[in-house]
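Worksheet: one structure, shown below.
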Amino acid sequence: MRVNVIGPNLPDQSKGSFHVHKDTCRDGIRLDRMTGMGDIVEVETKADAVLFVYDNGILEEGADWLSCFEDLYFCPCCSDLPDGEAPIEYRRVEVTLELRAADLERILASDEVFDNLDYGAQSELRRAVNELTGGDA
Ligand SMILES: [Zn+2]
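So the sequence shown is numbered by this note's numbering: it starts at 1415 and just counts up by one.
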């Protein structure tokens, strides 16, 4: 479906920073004309529209998929669009691990592991190490 992704900084953001309309929807055309902030994109799912808006480093930095999703308001003209799923690299699981402080420090010290974590996971690990060691990792 071709949709018009309009935003951010819309006059009414109570439903979300971005409004998504079918490209032929009159409300969308009007809003696009008024704001000049529309982008016509071809999407198969709502998740595609979320990626169009946020797959520019924001999600890599640990932004939460669900809050990004909820930041897009989909007009009823888009009701045929399925939700779709977050790509695997943006899915999150919560893992509870019991590690010794030394194990955590080794993870922090390993560029290969640590640098490839997203920002949220890096902060969590730093916080856990500081808690264990009373240090300032
Ligand atoms: Zn619409």
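Beta carbons: idealized from backbone N, C-alpha and C, even for Gly.
Subject >> For L1511, the three-state DSSP class (helix, strand or coil) >> reply: What you label residue 1511 is simply residue 97 of the sequence shown in a count that begins at 1. L1511: coil per DSSP, three-state reduction.
Subject >> R1416: first and last residue of the uninterrupted beta strand (DSSP E) it sits in >> reply: As a working note, residue 1416 is residue 2 in the sequence shown. Run containing R1416: 1416–1420, per the beta strand (DSSP E) assignment.
Original post:
When the Cα of A1516 is compared with those of N1530, D1494, A1542, which residue comes out closest?
Top reply: Position 102 of the sequence shown, counting from 1, holds the residue named residue 1516. Comparing Cα-Cα distances from A1516 to each of N1530, D1494, A1542, the minimum goes to A1542.
Original post:
Can C1492 and K1436 be called in contact, C-beta distance under 9 Å?
Top reply: As a first step, residue 1492 must be located in the sequence shown, where it is residue number 78. As a first step, residue 1436 must be located in the sequence shown, where it is residue number 22. Yes; because the gap between Cβ atoms is below 9 Å, this pair is in contact.
Original post:
Would you say D1426 touches ligand 1, meaning its beta carbon is less than 8 Å from a heavy atom?
Top reply: Looking up residue 1426 in the sequence shown gives position 12. No - ligand 1 has no heavy atom lying nearer than 8 Å to the Cβ of D1426.
Subject >> First and last residue of the uninterrupted alpha helix (DSSP H) at K1460 >> reply: As a first step, residue 1460 must be located in the sequence shown, where it is residue number 46. Unbroken alpha helix (DSSP H) run through K1460: 1460–1468.
**OP:** If I'm right that R1416 touches I1454 with Cβ under 8 Å, what's the distance once you round it to whole angstroms?
**Re:** Stepping through the sequence shown from its first residue, residue 1416 is reached at position 2. Stepping through the sequence shown from its first residue, residue 1454 is reached at position 40. Contact flag correct, Cβ pair sits at about 6 Å.
Original post:
Is the number of C-beta pairs between the stretch 1473–1484 and the stretch 1531–1549 that are closer than 8 Å three or more?
Top reply: yes
Original post:
Measuring from the CB of K1460, is there a heavy atom of ligand 1 at a distance below 8 Å?
Top reply: As a working mapping, residue 1460 is identified with position 46 in the sequence shown. False, no ligand heavy atom lies under 8 Å from that Cβ.
Original post:
Does the stretch 1455–1462 come within contact of the stretch 1495–1511, defined as at least 3 CB pairs closer than 8 Å?
Top reply: yes
Original post:
When every heavy atom of ligand 1 is checked, does at least one fall within less than 8 Å of the C-beta of K1436?
Top reply: Looking up residue 1436 in the sequence shown gives position 22. Answer for K1436: yes, Cβ within range of ligand 1.
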